[in-house]
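Trainee: If you read the protein sequences in the order shown, they are chains A and B. Following this note's numbering, the numbering of the first sequence begins with 1 at its first residue and continues without gaps. Following this note's numbering, the numbering of the second sequence begins with 223 at its first residue and continues without gaps. Even for Gly, the Cβ is constructed at its ideal location relative to N, Cα and C. Owing to the predicted nature of the structure, the values given are computational and were not obtained by experimental measurement.
2 protein chains.
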Amino acid sequence: MDELKIIELKESVFADNDRDAARLRAQLKGEKTFLLNLMSAPGSGKTSTLLALARELRGEVRMAVMEADIDATVDARAMRNAGVESIQLHTGGMCHLDADMTRQGLRELDTADLDLVVLENVGNLVCPAEFDTGAAKNMTILSVPEGHDKPLKYPLMYETCQLLVINKIDVLPYFDFDVDQAVEYARMRNPDIEVIVISAKTGEGIPKLAEWILKQVKEWNT
Amino acid sequence: MDELKIIELKESVFADNDRDAARLRAQLKGEKTFLLNLMSAPGSGKTSTLLALARELRGEVRMAVMEADIDATVDARAMRNAGVESIQLHTGGMCHLDADMTRQGLRELDTADLDLVVLENVGNLVCPAEFDTGAAKNMTILSVPEGHDKPLKYPLMYETCQLLVINKIDVLPYFDFDVDQAVEYARMRNPDIEVIVISAKTGEGIPKLAEWILKQVKEWNT
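#1: According to DSSP, what are the bridge partners of residue 312 of chain B?
#2: Would you give the residue range spanned by the beta strand (DSSP E) that residue 365 of chain B belongs to?
#3: If we define contact as Cβ-Cβ less than 7 angstroms, is residue 367 of chain B a contact residue for chain A?
#4: So which residues of chain A does residue 374 of chain B contact, with C-beta pairs closer than 8 angstroms?
#5: If we cut at 7 angstroms on Cβ distances, does residue 132 of chain A have a partner in chain B?
#6: In terms of alpha-carbon separation, which member of A:106, A:95, A:92 lies closest to residue 227 of chain A?
#7: Runs of 3 residues minimum, wholly inside the segment 17-50 of chain A: which ones carry the beta strand (DSSP E) assignment?
#8: Exposed or buried, residue 305 of chain B, counting other C-beta atoms within 10 Å across all chains shown (16 or more means buried)?
#9: Please look up how many angstroms separate the CB atoms of residue 198 of chain A and residue 212 of chain A, rounded, as I've assumed it's under 8 angstroms.
#10: Please check if any C-beta of chain B sits within less than 7 angstroms of the C-beta of residue 195 of chain A.
#11: Residue 282 of chain B by DSSP, collapsed to three states: which one?
#12: Taking residue 159 of chain A as part of the alpha helix (DSSP H), name the residues at either end of that continuous run.
#13: Once the 5 residues before and after residue 112 of chain A are set aside, which same chain residues still bring their CB inside 8 angstroms of it?
#14: When DSSP labels each residue in this structure, what does residue 219 of chain B get in the three-state scheme?
#15: Kindly indicate which three-state DSSP category residue 223 of chain B falls into: helix, strand or coil?
#16: Can you check whether the CB of residue 362 of chain B is closer than 7 angstroms to the CB of residue 378 of chain B?
#17: Using CA coordinates, which residue listed in B:347, B:399, B:374, B:384 is at the minimum distance from residue 367 of chain B?
#18: Using the rule of at least 16 other Cβ atoms within 10 Å of the residue's Cβ for burial, across every protein chain shown, is residue 10 of chain A buried or exposed?
#19: Between which residues of its own chain and residue 142 of chain A is the CB-CB distance below 6 angstroms, once the five residues before and five after are set aside?
#20: Suppose you measure from the CA of residue 413 of chain B to the CA of residue 192 of chain A; what does that come to, to the nearest Å?
#21: So which residues on chain A does residue 445 of chain B lean against when the C-beta distance must stay under 8 angstroms?
#22: Which residue wins for smallest C-alpha separation from residue 267 of chain B, given the options B:319, B:354, B:392, B:283?
#23: Identify the continuous alpha helix (DSSP H) that holds residue 184 of chain A and give its terminal residues.
#24: Straight-line CA distance for residue 332 of chain B to residue 114 of chain A?
#25: Within 10 angstroms of the Cβ of residue 223 of chain B, are there 16 or more other Cβ atoms? Answer buried if so, exposed if not.
#26: Need the endpoints of the alpha helix (DSSP H) that residue 388 of chain B sits in, please.
#27: Measuring CB to CB, does residue 410 of chain B end up less than 7 angstroms from residue 338 of chain B?
#28: State the DSSP-derived secondary structure class of residue 347 of chain B, mapped to helix, strand or coil.
#29: Verify the CB distance criterion: does residue 223 of chain B have a CB-CB separation below 7 angstroms to chain A?
#30: Which one of B:300, B:423, B:430, B:426 has the shortest CA to CA distance from residue 416 of chain B?
#31: Taking the alpha carbon of residue 68 of chain A as the reference point, which residue from A:96, A:51, A:79 has its own alpha carbon closest?
#32: Are any of the Cβ atoms in chain B nearer than 7 angstroms to that of residue 138 of chain A?
#33: Taking the alpha carbon of residue 73 of chain A as the point to measure from, which residue in A:148, A:28, A:122, A:159 has its own alpha carbon closest?
#34: Note down the Cα distance separating residue 225 of chain B from residue 239 of chain B, rounded to an integer number of angstroms.
#35: Residues of chain A with a CB under 8 angstroms from the CB of residue 317 of chain B: which are they?
#36: Give a yes or no on whether 7 angstroms exceeds the smallest Cβ distance from residue 41 of chain A to chain E.
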């Protein structure tokens with residue numbers, strides 16, 4: 001396997017990120033590439049969810065992953081070891097990605113040949129929600145050990161996401177986590193948010209998540 | 223019990239946060255108040271650790287807690303219900319606290335009568351590490367479900383903390399978490415970082431953490 005590609009991102013030159021994001025989104029629409037922006041707290045299971053998803057989607061879509069981190073390459077390497085096309089983006093200390101930083105990553109992928117690109121954003125429930133990356137859809141993961149009160153504390157994250165994935169459902173017996181309460185709090189922030197309950201570890205719910213993704217990719221291309 | 227105090231923080235007027243933080247630290251030193259800045263990812267157990275700690279320290283020190291959040295008052299209420307003096311700081315969307323925001327909170331507490339104030343920072347492994355709050359010491363919590371690779375991904379957090387608390391050790395059997403590996407990664411970032419392993423839920427390690435705190439408070443006052 002060739003050397004892992006690590007992109008050192010530069011700060012954006014565009015003052016108006018919203019307009020730049022709209023431009024990127026239009027470009028990706030033209031290329032029929034669905035960009036999904038995946039956000040969560042550190043340790044919610046973004047990478048393991050993507051690994052499970054990539055296994056489920058194999059042969060269904062042409063997929064690549066951009067792993068954004070402040071430092072380290074562990075996630076991109078894990079993807080590569082599992083045979084998923086992936087690159088590592090280093091933010092140089094920045095706590096989020098905007099549209100131009102996302103574009104810098106996309107340039108390193110041949111998006112014209114891809115149906116689905118997932119941007120695994122920096123693990124952070126605050127800042128990434130403030131910046132439109134140009135993605136077609138935003139998804140957040142809340143894992144059982146984090147507690148069901150998170151939508152109360154990080155409102156913008158839930159307002160900007162179309163899908164909430166509740167992960168690590170296999171450890172539900174060991175934590176005081178109320179799934180219904182989590183969903184209720186999330187819908188207080190965003191009444192339209194869809195919810196899928198999974199365990200990236202056991203595979204529970206992964207087919208349902210794959211189905212949701214395929215539906216989005218299909219709608220994006222019509 | 224009287225009404226919970228909620229402080230809506232204003233953005234700082236000081237351009238040089240480092241100097242402002244040094245000034246606040248000197249003031250607190252004069253008042254013999256030890257300020258501890260507690261940082262972690264969302265859901266690592268900051269509040270439950272502080273609740274267990276407050277029980278352990280009862281009668282030993284005069285303690286108060288400042289709960290910083292973007293929104294919600296659940297943490298400050300939990301503290302108050304447990305009889306711990308606490309106020310809620312709202313950051314107005316900001317992802318971190320700096321020294322001046324910390325000072326705005328401290329003004330609402332009678333610090334001259336307090337030995338120990340804990341600032342529970344916004345749940346975020348990135349931004350809070352970049353801003354000196356004026357605290358005497360910084361502490362971070364890494365919980366078992368988050369995974370032992372976090373020190374690799376969030377270097378600055380580990381560089382700026384004097385104490386790493388590994389929490390939720392009671393669920394170790396259900397996760398692929400290697401305590402030795404976590405400590406090794408943390409010490410790659412900061413060779414001097416002290417480590418205490420706890421379960422805020424079962425109380426394991428809480429006396430050791432309380433002992434560490436008491437030692438710091440004593441050293442601060444001599």
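Mentor: Put simply:
#1: Per DSSP, B:230, B:291.
#2: Unbroken beta strand (DSSP E) run through residue 365 of chain B: 359-365.
#3: With 7 angstroms as the cut-off, residue 367 of chain B counts as an interface residue toward chain A.
#4: Close partners of residue 374 of chain B in chain A (Cβ separation under 8 angstroms): 71, 72, 74.
#5: Chain B contact via Cβ: absent.
#6: Since the first and last residues shown for chain A are 1 and 222, residue 227 of chain A lies out of range.
#7: Inside the segment 17-50 of chain A, DSSP marks whole beta strand (DSSP E) runs of 3 or more residues at positions 34-40, from first to last along the chain.
#8: With fewer than 16 Cβ atoms within 10 Å of its Cβ, residue 305 of chain B is classed as exposed.
#9: Not confirmed; about 11 angstroms, so no contact.
#10: Interface annotation, residue 195 of chain A: not in contact with chain B, CB-CB separation never under 7 angstroms.
#11: Shown here, residue 282 of chain B sits in coil according to DSSP, grouped into three states, outside any helix or strand.
#12: 155-160 is the span of the alpha helix (DSSP H), which, as asked, contains residue 159 of chain A.
#13: For residue 112 of chain A, where only same-chain residues beyond five positions count, the Cβ hits under 8 angstroms are 31, 33.
#14: Any answer about residue 219 of chain B is impossible in this case: the structure gives chain B only from 223 up to 444.
#15: Its pLDDT being 49, under 50, residue 223 of chain B is placed unreliably by the model, and the measurement read from it follows with that caveat. DSSP places residue 223 of chain B in the coil class of the three-state scheme, outside both helix and strand.
#16: Judged by beta-carbon spacing, residue 362 of chain B lies beyond the 7 angstroms limit of residue 378 of chain B, meaning their Cβ atoms are not closer than that value.
#17: Cα-wise, what sits closest to residue 367 of chain B is B:399.
#18: Burial call: exposed.
#19: Only 150, 166 meet the Cβ criterion.
#20: C-alpha separation (whole angstroms): 47 angstroms.
#21: The requested residue 445 of chain B is not part of the displayed model; chain B covers only 223 to 444.
#22: The shortest C-alpha separation from residue 267 of chain B is found at B:392.
#23: That run of the alpha helix (DSSP H) goes 179-189.
#24: Straight through space, the alpha carbons of residue 114 of chain A and residue 332 of chain B are spaced by roughly 60 angstroms.
#25: Residue confidence for residue 223 of chain B is low, a pLDDT of 49 falling below 50, so the modelled location carries little weight; the figure read from the coordinates is stated next. Classification for residue 223 of chain B: exposed.
#26: According to the DSSP assignment, residue 388 of chain B belongs to no alpha helix (DSSP H) but to the beta strand (DSSP E) extending over 385-389.
#27: Cβ atoms of residue 410 of chain B and residue 338 of chain B: not closer than 7 angstroms.
#28: In this structure, residue 347 of chain B counts as coil in the three-state DSSP scheme.
#29: Bear in mind that a pLDDT of 49 at residue 223 of chain B, under 50, signals an unreliable position, so the model cannot answer this.
#30: Among B:300, B:423, B:430, B:426, the Cα nearest to that of residue 416 of chain B belongs to B:430.
#31: For residue 68 of chain A, the nearest C-alpha among the options comes from A:96.
#32: By this cut-off, residue 138 of chain A is not an interface position.
#33: Ranking A:148, A:28, A:122, A:159 by Cα distance to residue 73 of chain A puts A:122 first.
#34: Cα to Cα, the separation comes out at about 32 angstroms.
#35: 95, 124, 126, 127, listed in chain order.
#36: Among the protein chains in the structure shown, which are A and B, there is no chain E.
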